[in-house]
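For reference, the structure is listed below as structure tokens.
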Amino acid sequence: MATRRWFGVKCSGGRFRKSFEKPEPFIPGQVTEVKYTLPDVAHTFQKGHRVMVQIQSTWFPLVDRNPQKYVDIYHAKDSDFQKATIKVHHGATAASKIILPVSK
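Each residue of the sequence shown is one higher than the last, beginning at 1 in the working numbering.
Here is the structure:
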């Protein structure tokens, strides 16, 4: 049986990807770079272990609701909530990557 451990769980709204003071909406259909660094350090992954990355638009009810629309989530109406499709690009012109430092 596999043991799952949660390291570096990070939830941050995409609208705050550049600044917490000046949120910006994503533009539908436009590839947008999103960068962040996990605040955790010195994790050891032994041979055979795996790293899982989850990208999702909401983690409700653990974190705020996400209407999938650029509105104030605290004042969102039922009509503001809509279905969303999240895309992670991996082609030559918009490659995604994860950088993991390795120490020996």
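Beta carbons: idealized from backbone N, C-alpha and C, even for Gly.
Euclidean distance between Cα positions of Ser103 and Gly29 | Looking up residue 103 in the sequence shown gives position 103. Looking up residue 29 in the sequence shown gives position 29. Spanning the two alpha carbons is a distance of roughly 39 Å.
Exposed or buried, what is Pro23 when buried is set at 16 or more other beta-carbons lying within 10 Å of its beta-carbon?
-> Numbered from 1 along the sequence shown, position 23 holds the residue referred to as residue 23. Answer is exposed; the Cβ neighbour count stays below 16.
Would Phe7 be called buried (16 or more neighbouring beta carbons within 10 Å of its own) or exposed?
-> By 1-based counting over the sequence shown, the position of residue 7 is 7. Residue placement at Phe7 is poorly supported in this model, since its pLDDT is 49, which falls under 50; the coordinates are not used for a value here.
Using the Cα positions of Tyr74 and Arg65, report the straight-line distance between them to the nearest angstrom.
-> As a working mapping, residue 74 is identified with position 74 in the sequence shown. As a working mapping, residue 65 is identified with position 65 in the sequence shown. Going by the C-alpha atoms only, they are around 9 Å apart.
What separation, rounded to the nearest whole angstrom, lies between the Cα atoms of Lys18 and Val34?
-> Reading the sequence shown from its first residue, position 18 is the one you call residue 18. Reading the sequence shown from its first residue, position 34 is the one you call residue 34. One C-alpha to the other measures close to 8 Å.
Could you name the residues of the same chain whose beta carbon sits closer than 8 Å to that of Leu100, not counting the 5 residues immediately before and after it, in chain order?
-> For the purposes of this step, residue 100 is taken as residue 100 along the sequence shown, with counting starting at 1. These residues qualify, in order along the chain: Val51.
Top-ranked residue by Cα proximity to Ile27, from Ala76, Phe20 and Ile86 = Walking along the sequence shown from the start, residue 27 turns up at place 27. Residue Ile86 is the option with its Cα nearest to Ile27.
Own chain residues within Cβ distance below 6 Å of Tyr70, not counting five before or after = On the sequence shown, residue 70 is found 70 positions in, with the first residue counted as 1. Same-chain partners within the cutoff: Pro25.
Expressed to the nearest angstrom, what Euclidean distance is found between the alpha-carbon atoms of Lys83 and Ile55?
-> As a working mapping, residue 83 is identified with position 83 in the sequence shown. As a working mapping, residue 55 is identified with position 55 in the sequence shown. If I take the Cα positions, the gap works out to 16 Å.
Check whether the Cβ atoms of Gln68 and Ser57 lie closer than 8 Å to each other.
-> The residue you call residue 68 lines up with position 68 of the sequence shown. The residue you call residue 57 lines up with position 57 of the sequence shown. It is a contact, given that the beta carbons lie within the stated cut-off.
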